[in-house]
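In what follows, a single structure is set out as C-alpha cells and then discussed.
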Amino acid sequence: MATSASFVIDVDGSPLPDDIGPLLVSAYVDSSLRLPDAFMLRFRDPNRIVIEKAKVKIGSKVKITVGSTQTDVPEKLIEAEVTSLEAEIGGPGSFTIVRGYDPAHRLFRGRHTKSYTQTTASDAVTQISQRAKIPTDQITPSKTVFDHLGQFGQTDWEFLDGMARRIGYELTVNDNKLNFRPREVASKAPSDDAKGTDPLVLRLGIDLLRFRSVITAAEQVSEIEVRGWDVAQKRKIVSTVPAGTKSVELPTMKPADMAKPFGDPRYVASDVAYRTQSEADTASAALAEEIGSSFAEIDAVARGNPKLRANVGVTIENAGVPFDGKYTLTAARHRYDPANGGYTTAFSVTGRQERSLYGLTAGGGRTSGTAGVVVAQVSDANDPTNQGRVKLTFPWLSDDYVSDWARTVQPGAGKDRGAMVVPEVGDEVLVAFEQQDPLRPYVLGGLHNGIDTANTKGTKLIDSGSGAVNRRSVISRNGHRIDLLDENGRTEGITAETGDGKLKLTLDAVGTRVVVHSDGTVLIEGRKGIVIDAGPANLDLKGKKISLTATNGVAVAGGSGPVDVETQVALSLKGTTVKVAAKAAGEFKAGGPNVITGTPVKIN
1 MATSASFVID VDGSPLPDDI GPLLVSAYVD SSLRLPDAFM LRFRDPNRIV IEKAKVKIGS
61 KVKITVGSTQ TDVPEKLIEA EVTSLEAEIG GPGSFTIVRG YDPAHRLFRG RHTKSYTQTT
121 ASDAVTQISQ RAKIPTDQIT PSKTVFDHLG QFGQTDWEFL DGMARRIGYE LTVNDNKLNF
181 RPREVASKAP SDDAKGTDPL VLRLGIDLLR FRSVITAAEQ VSEIEVRGWD VAQKRKIVST
241 VPAGTKSVEL PTMKPADMAK PFGDPRYVAS DVAYRTQSEA DTASAALAEE IGSSFAEIDA
301 VARGNPKLRA NVGVTIENAG VPFDGKYTLT AARHRYDPAN GGYTTAFSVT GRQERSLYGL
361 TAGGGRTSGT AGVVVAQVSD ANDPTNQGRV KLTFPWLSDD YVSDWARTVQ PGAGKDRGAM
421 VVPEVGDEVL VAFEQQDPLR PYVLGGLHNG IDTANTKGTK LIDSGSGAVN RRSVISRNGH
481 RIDLLDENGR TEGITAETGD GKLKLTLDAV GTRVVVHSDG TVLIEGRKGI VIDAGPANLD
541 LKGKKISLTA TNGVAVAGGS GPVDVETQVA LSLKGTTVKV AAKAAGEFKA GGPNVITGTP
601 VKIN
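FYI, in this note's numbering the residues of the sequence shown are 1 to 604.
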C-alpha cells in the first residue's frame with residue numbers, strides 16, 4: 001500500500017481556500033537531473049471556480065509540501081512558477097489543471113548567441129544566471145579555462161546542459177537557486193547499519209512497491225579514449241581513462257566487468273575538436289561516467305517518500321545479487337492520487353542517459369552542430385601569433401557574437417612556405433566548422449558581393465565568344481596585381497603591376513618579349529656579375545647619356561665585326577698612357593689640321 005499523506009499547496013504565499021483544497025483529485029511533482037522540476041495539480045471543477053478563488057495566474061508562485069507517516073513535519077517538494085492553466089471538460093467531468101516549473105524553465109526561453117572568452121564553465125554559468133535573474137547556490141569552480149566558449153543560437157539550458165555534460169557536471173535548481181556541480185556519488189548513500197531509520201535505504205517488500213532493475217553489458221567498454229589535435233604544438237592529443245562510474249556502486253560488479261566477456265573493447269571518441277590536453281582529460285572522465293553509468297538501471301515505485309529526489313544517493317536492499325547496492329537517482333515523481341493508492345514516489349536510475357520524451361527527441365542533450373558552410377564577416381585580422389587567423393562575426397545570427405581566432409586556408413601552407421592571403425576586416429568570407437562544432441570555424445576563402453565587387457581592370461575576365469577564362473589575378477587592397485593571361489593568340493603571359501601603373505613587368509608569350517616599365521629608375525644589381533646576352537640578335541642601349549664606370553678596367557671587343565665609335569661633337573680618349581695598335585695598316589686622318597705634340601715626339 002502507499003503512504004497516507006496530504007499535499008499542502010500555497011499560491012503566492014497563501015494556502016488554498018477551504019472549499020478549493022478538497023477539489024484536488026491528483027497531483028504530481030517531478031524532480032529531474034535533465035529537466036526543470038515540474039508540478040501538476042488536477043482539480044475537479046464543475047462550477048469553474050478554482051482559478052478565480054485560488055487566485056492563480058500565469059507566473060504565480062506555488063509551493064507544494066507533503067507530510068507522511070515517515071516525516072514529523074511537512075517537507076517541501078517544490079517551489080515553482082505557474083506556466084499553464086488548462087480546462088478539461090468531457091465525459092469524466094469538468095477539471096481545471098495547473099502546471100508549472102521551477103525557475104530553471106526560464107533557461108528554455110529565447111535563443112541566444114554570445115561568446116565567452118578566457119573563462120571556465122562555472123564562470124559562464126554565473127554570467128547566465130545573472131542574465132536570467134536566477135540566484136545561484138552551489139557553483140563548484142571548474143578547472144579547465146577555455147580560450148573561447150560560444151553560445152551559438154541556443155537556449156541557455158541547451159548551452160549550460162551541454163557544457164555540464166562536457167565536463168561531467170550537473171545543472172539543477174534547488175530551492176529556486178541554480179546549482180552547477182559534479183554529480184552526487186552513490187557512495188554517499190546510507191550504509192547498511194542505518195537501514196532501520198534512514199528513509200534513503202529502500203527495501204524490497206517494505207519500502208518498495210514495485211521494482212525493476214537491469215544490469216546490462218550494452219555499450220560497456222574497458223577504456224575510454226578521447227582524441228584531439230593541438231594546433232599550437234602540431235601534435236595529437238590523447239586522453240585515456242578506465243571505464244567506471246560514481247553514480248552506481250554494486251559490491252559484485254563494475255562497468256568494466258561487463259566488457260570482459262566480449263574482448264575488452266575500447267571506446268574512442270573523436271567527434272569533438274579538442275584543442276588542449278586539459279579539455280580532453282575533462283571530456284574523457286565525463287564520457288567514462290556517461291557510458292559507465294548506464295550499466296545498471298532502475299525503474300521503481302516506493303511508498304511516498306519526500307527524501308527521494310534527483311541527484312540523491314539511495315541504498316537498495318532485498319533485491320538480491322547483483323542488484324543490491326547504492327545508486328544515485330536520475331529522476332523522481334511524487335504522485336498524490338487518493339483514489340489510486342494515495343501518495344507514492346516513482347523513481348528511476350538511468351545514469352546520464354535521458355529516458356524522457358524530451359531527452360529522446362532532443363538526442364539526449366547532444367546538439368547536431370552546424371552542418372555545411374555559412375557566410376561571415378571578418379572583424380579582426382590582428383592575429384597575435386602571426387598565423388593569418390581572423391575573428392569572425394555572423395550577421396545572419398547575431399549582432400554581438402564574435403568567434404574565437406579562426407584559421408584561414410592558405411594554398412601550400414607548411415613550414416615557412418605557402419601563400420599568405422589574409423582577408424581584410426569587413427570582408428565577407430565563407431566558413432566551415434570542424435566536425436560541425438560552431439566553436440571551431442575555418443575560413444575557406446573570400447566572397448565578392450554587391451558592394452565588394454570584383455576588379456574588372458585589365459584583360460576581360462571571360463571570353464565572350466568561347467566562354468573561356470582569360471585572366472586569373474591576385475590583387476591587393478591598393479591595386480597591386482599579378483595577372484596570369486590566357487587570351488589565346490592575343491594577350492598571353494604574365495604581368496605584374498603596381499596599383500598606380502608606374503611599375504610594370506610583362507612576360508609576353510605572344511611576342512616572346514619581356515618588358516620592364518618604370519616611371520622612375522630601374523636598378524639591376526648582381527654581386528657576382530650581370531650578363532646580358534642577346535644571342536645572334538642585336539643588343540641596343542638607348543638613353544640621353546650612357547655612362548660606363550668600372551673600378552678595374554673596361555674591355556670592348558667587336559669579335560669578327562668592326563667597332564665604331566662616333567659622335568657629332570668632340571671625341572676624347574684620356575689615360576695615363578694611350579696606346580693605339582693595329583695588327584695590319586694604321587691610319588690617322590683629320591678633316592683639318594692634325595696636331596701631334598709630346599716631349600719629345602717620336603715617329604718610327
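Built from N, CA and C at the ideal position, the CB exists for glycine as well. Because the structure is a prediction, the values reported are computed rather than measured.
Practice prompt. Can you grab the Cα-Cα spacing for the pair Gly364 / Asp175, in whole Å?
Written response: In this prediction, Gly364 scores a pLDDT of 49, lower than 50, which makes its location untrustworthy; the coordinate-derived value is nonetheless stated afterwards. So the two alpha carbons sit approximately 26 Å from each other.
Worksheet item: Where Val62 and Ala269 are concerned, what is the direct C-alpha to C-alpha distance, given to the nearest angstrom?
Response: 44 Å
Worksheet item: Going along the chain, which residues of its own chain have a beta-carbon closer than 6 Å to the beta-carbon of Arg309, five neighbours each way excluded?
Response: Ser31, Ala332
Worksheet item: What beta strand (DSSP E) runs, 3 residues minimum, are completely inside the stretch 379-449?
Response: 391-393, 428-433, 441-446
Worksheet item: Is it the case that the Cβ atoms of Thr120 and Pro141 are separated by a distance below 8 Å?
Response: By the CB criterion at 8 Å, Thr120 and Pro141 fall inside the cutoff.
Discussion item. Can you list, in chain order, the residues of its chain with a C-beta nearer than 6 Å to that of Glu434? Leave out the 5 residues immediately preceding and following it.
Written reply: Ala273, Arg440
Practice prompt. Could you check what DSSP says for Pro15 in three-state terms: helix, strand or coil?
Written response: Note: Pro15 maps to strand in three-state DSSP.
Discussion item. Tell me the DSSP secondary structure of His517 in three-state form.
Written reply: strand
Fill in: Buried or exposed (CB count within 10 angstroms, at least 16 for buried), Gly586
exposed
Item to complete: Evaluate Asn470 with the Cβ neighbour count: other Cβ atoms within 10 Å of its Cβ, from every protein chain shown; 16 or more gives buried, anything less gives exposed.
Response: buried
Worksheet item: Do you know offhand how far Thr65's Cα is from Val314's?
Response: 21 Å
Worksheet item: In the DSSP assignment, what are the bridge partners of Leu41?
Response: Per DSSP, Ala27, Val98.
Item to complete: Compare the Cα-Cα distances from Ala468 to each of Asp486, Val25, Arg477 and report the closest residue.
Response: Asp486
Discussion item. Using a 10 Å radius around the Cβ and a threshold of 16 neighbouring Cβ atoms, would you call Lys234 buried or exposed?
Written reply: exposed
Discussion item. Quick check on this structure: which residue in Tyr116, Ile9, Lys542, Leu33 has the alpha carbon closest to the alpha carbon of Glu75?
Written reply: Taking only the C-alpha atoms, the option nearest Glu75 is Ile9.
Worksheet entry | Residues of its chain near Val98, where Cβ-Cβ distance is below 7 Å and the 5 sequence neighbours each way are ignored | Leu41, Val56, Val82, Leu85
Practice prompt. Please determine if the stretch 241-257 and the stretch 288-296 are in contact, where contact requires at least 3 C-beta pairs separated by less than 8 Å.
Written response: yes
Worksheet entry | Bounding residues of the beta strand (DSSP E) (the contiguous stretch that carries Gly162) | Counting along the chain, Gly162 falls outside any beta strand (DSSP E), though it belongs to the alpha helix (DSSP H) covering 156-167.
Worksheet item: Can you name the start and end residues of the alpha helix (DSSP H) that Asp281 belongs to?
Response: Per DSSP, Asp281 belongs to the alpha helix (DSSP H) from 277-292.
Practice prompt. Give a yes or no on whether the C-beta atoms belonging to Ser115 and Tyr401 are separated by under 8 Å.
Written response: Closer than 8 Å, so yes.
Worksheet item: Using the C-alpha atoms, what's the distance from Ala432 back to Trp405?
Response: The straight-line gap separating the alpha-carbon atoms of Trp405 and Ala432 is approximately 14 Å.
Practice prompt. State buried or exposed for Met258, treating a residue as buried only when at least 16 other CB atoms are found within 10 Å of its CB.
Written response: When all chains shown are included, Met258 counts as buried.
Fill in: Same chain, Cβ closer than 6 Å to Ala413, five either side skipped, listed in chain order
none
Item to complete: Identify whether Asp324 lies in helix, strand or coil by the three-state DSSP scheme.
Response: Coil.
Worksheet item: Where DSSP assigns a beta bridge to His480, which residues make up the other side?
Response: The partner list for His480 (beta bridge, DSSP) is empty, contrary to what the question assumes.
Discussion item. Cutting at 6 Å between CB atoms, please list the residues of its own chain near Glu79, excluding the five before and the five after it.
Written reply: Lys63, Asn176
Worksheet item: Near Gly426, what residues of its chain come up, given a Cβ to Cβ distance below 7 Å and the 5 sequence neighbours on each side ignored?
Response: Gln377, Val378
Worksheet entry | Cβ-Cβ separation, Ala283 to Arg166 (assumed contact under 8 Å), whole Å | 6 Å
Practice prompt. For Thr117, collect the residues of the same chain with a Cβ closer than 6 Å to its Cβ; drop the 5 residues on either side in sequence, then sort them by chain order.
Written response: His148, listed in sequence order.
Worksheet item: For the beta strand (DSSP E) that contains Ser84, what are its first and last residues?
Response: Taken as a continuous stretch (DSSP letters only), the beta strand (DSSP E) holding Ser84 covers 75-90.
Worksheet item: With distances taken from CA atoms, which of Asp198, Pro190, Ala164 is nearest Pro182?
Response: Put simply, of Asp198, Pro190, Ala164 the residue whose alpha carbon is nearest the alpha carbon of Pro182 is Ala164.
Fill in: Val241: first and last residue of the uninterrupted alpha helix (DSSP H) it sits in
Careful: Val241 lies outside any alpha helix (DSSP H), inside the beta strand (DSSP E) at 235-242.
Worksheet item: Going by other Cβ atoms of all chains shown within 10 Å of its Cβ, with 16 needed for buried, is Glu566 buried or exposed?
Response: exposed
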